[in-house]
Each structure stands twice: as structure tokens, then as C-alpha cells.
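Here the structure comes first, spelled out in C-alpha cells, and everything after it is commentary.
Listed below in C-alpha cells is the structure:
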């Protein structure tokens, strides 16, 4: 298995710094545009975005998000990233959704 084929389930929070305002909505909207163009699975939430796909593609699109926000004028960006991979079973999509469904099933007493 290589990073090219390894499936990554990630959560990242891109934080533009030094914009001179408290809202980062326009920058986060641009991040979502970049993610939509990537073709990878992603989902925005209140403090970041879940994204999944092949490791190399996930890392590339996070870099593309940085480039897009810098292009908007952000001089500095800090990003927190959590990434999960596993080798005990094949995951090709739906990694984040499957995690949520599993916990919801446990809470509902189905598991």
C-alpha cells in the first residue's frame, strides 16, 4: 500500500490569520469551492470540514485550499488536521458517514 492508494478520512480546520476582521466566511466559502472542484467526498461543519479519499489527493486539496485563501489576500494560515487510515479493511468511500452511522446505531440500541 502506498500513499497514492491509502484511503484517508480527515477533518481539517483552515484558519486565516491577520485579516483585520473576525469573520472568515468568505475564505471558508472559497475552501468549499476548491473542495467541490476536487471531486472528493467532503462535508462542512461548524468548525471545519471532513474530507476523504486517497491520501495524496486529500493532502493535495488541502494545499490547494491554502493556495486559494492566500490568493484572496490572507498572509498567514494555520490549519489543524486529524487523519485516520486503516489497513484491516478496504474503505473506498463513505468513511466519515459510516463512522456517524455506527455511533447512531449504538445510541439507538441497534448494536
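Numbering (this note's numbering), first residue to last: 15 to 125. Beta carbons are placed, not taken as given, at the ideal position from N, Cα and C, and that holds for glycine.
| said: Using only CA atoms, which one of 60, 55, 87 lies nearest to residue 76? | reply: The residue given as residue 76 occupies position 62 in the chain shown. It is 55.
Closer than 8 Å by C-beta to residue 49: which residues in its own chain qualify, once you throw out the five before and the five after it? Chain order, please. Translated into positions along the chain shown, residue 49 becomes position 35. Correct list, in chain order: 56, 63, 65, 75, 79.
### Message
Please identify the residue among 53, 96, 92 whose C-alpha is closest to the C-alpha of residue 71.
### Response
Taking the chain shown and counting its residues from 1, one reaches residue 71 at position 57. With respect to the C-alpha of residue 71, the residue from 53, 96, 92 having the closest C-alpha is 53.
With H, G and I counted as helix, E and B as strand and the rest as coil, what does DSSP make of residue 65?
Taking the first residue of the chain shown as position 1, residue 65 is located at position 51. DSSP, reduced to helix, strand and coil, places residue 65 within a strand of the structure shown.
Worksheet entry | Enclosing alpha helix (DSSP H) for residue 47 [first to last residue] | Here residue 47 corresponds to residue number 33 of the chain shown, with the count starting at 1. That run of the alpha helix (DSSP H) goes 39 to 52.
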